Ligand code: DX5
Ligand code: ZN
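Residue numbers (this note's numbering): 127 to 342.
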């Protein structure tokens, strides 16, 4: 079954604990960490992740859009993240980092910006629990879905199948009722949705609707 991960970036930051609870029933809560260097935006860090982890029983899926993830990612595991995603473009030693995240007890995930091809990373896939294909340029919620990423999602799914791997294939950016089915058809099985969930009158119902559409 498809997994839906609401992105807290589109929530009301003055009520983070309530906003986290508003999506009870979601598979994971997606937490976007930005440092104003890797992306031109600044969001939140380790103390907020720690507080969020105490506020909700939904596991945290931390997406690190930061430089020096080799230095920071382990701290997000210690802060309570169940899954930590670093960017391939920023990691100095992705294999070592993935192994460290796993050794500390979290799922290790690697993200690719739109212009980063998946093929050079084929041999690294067994080191990962999830691969994230960005479907917008990372940095902001509410951007339009990039259709041109669908072939990359398809190629990533083929590589995963060719190696007989279990890893999850996540998409992030512009995922909505209009685009979720195309992502699912291309082979994605984990869907991040910010504005499509928190922009809805009933965020929990939006999660159920997206999951239903992805599974169709
Ligand atoms: C963007 C973030 C996304 C963002 C998605 O850089 O990584 O997780 O919150 O928001 P929507 O679903 O509104 O595109
Ligand atoms: Zn994200």
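Yeah, the Cβ is synthetic: ideal placement off N, Cα and C, and Gly gets one too.
In this text the structure is predicted, and so the values were computed from the model without any measurement.
TODO: Using 10 angstroms around the beta-carbon of residue 227, count the other beta-carbons present and answer buried if the total reaches 16, otherwise exposed.
DONE: A buried status is given to residue 227, since no fewer than 16 other beta-carbon atoms sit within 10 Å of its beta-carbon.
Task: Three-way DSSP call (helix, strand, coil) for residue 196 in this model - done: Three-state DSSP puts residue 196 in a helix.
Task: Contiguous alpha helix (DSSP H) assignments of at least 4 residues, all confined to the region 276-340 - done: Taken in chain order, the complete alpha helix (DSSP H) segments of 4 or more residues contained in the region 276-340 are 276-288, 306-312, 321-324.
Open item on the list: Is residue 341 near ligand 2 - that is, is its Cβ less than 7 Å away from at least one heavy atom of it?
Closed with: Flag unset: Cβ of residue 341 not near ligand 2.
Open item on the list: Taking 7 Å as the cut-off, is the beta-carbon of residue 189 closer than that to any non-hydrogen atom of ligand 2?
Closed with: Judged by the Cβ position, residue 189 qualifies as a neighbour of ligand 2 at the 7 Å threshold, a heavy atom of the ligand being closer than this.
Open item on the list: Quick check: residue 293 and residue 257, are their CB atoms within less than 8 Å of each other?
Closed with: Result yes, Cβ atoms of residue 293 and residue 257 sit closer than 8 Å.
TODO: Using alpha carbons as the reference points, say which of 210, 221, 215 lies closest to residue 346.
DONE: Here the chain comprises residues numbered 127 to 342, so residue 346 is not present and cannot be evaluated.
Open item on the list: What does the Cβ neighbour count give for residue 243, buried or exposed, with the cut at 16 atoms within 10 Å?
Closed with: By the neighbour-count rule (16 or more Cβ atoms within 10 Å), residue 243 is not buried but exposed.
- [ ] Ignoring anything shorter than 4 residues or poking outside the region 158-185, list the alpha helix (DSSP H) runs there in chain order.
- [x] The region 158-185 contains these whole alpha helix (DSSP H) runs: 172-181.
TODO: Please state if the CB of residue 339 and the CB of residue 299 are separated by a distance shorter than 8 Å.
DONE: Contact annotation: residue 299 and residue 339 have beta-carbon atoms that are not nearer than 8 Å.
Open item on the list: My output table needs one value for residue 262: the three-state DSSP class, helix, strand or coil.
Closed with: Residue 262: coil per DSSP, three-state reduction.
- [ ] Within the same chain, show all residues whose beta-carbon is closer than 6 Å to that of residue 261, passing over the 5 residues directly before and after it, in chain order.
- [x] For residue 261, same chain residues with a beta-carbon under 6 Å away, outside a window of 5 residues either side, are 271, 272, 275, 297, 299, 300 in chain order.
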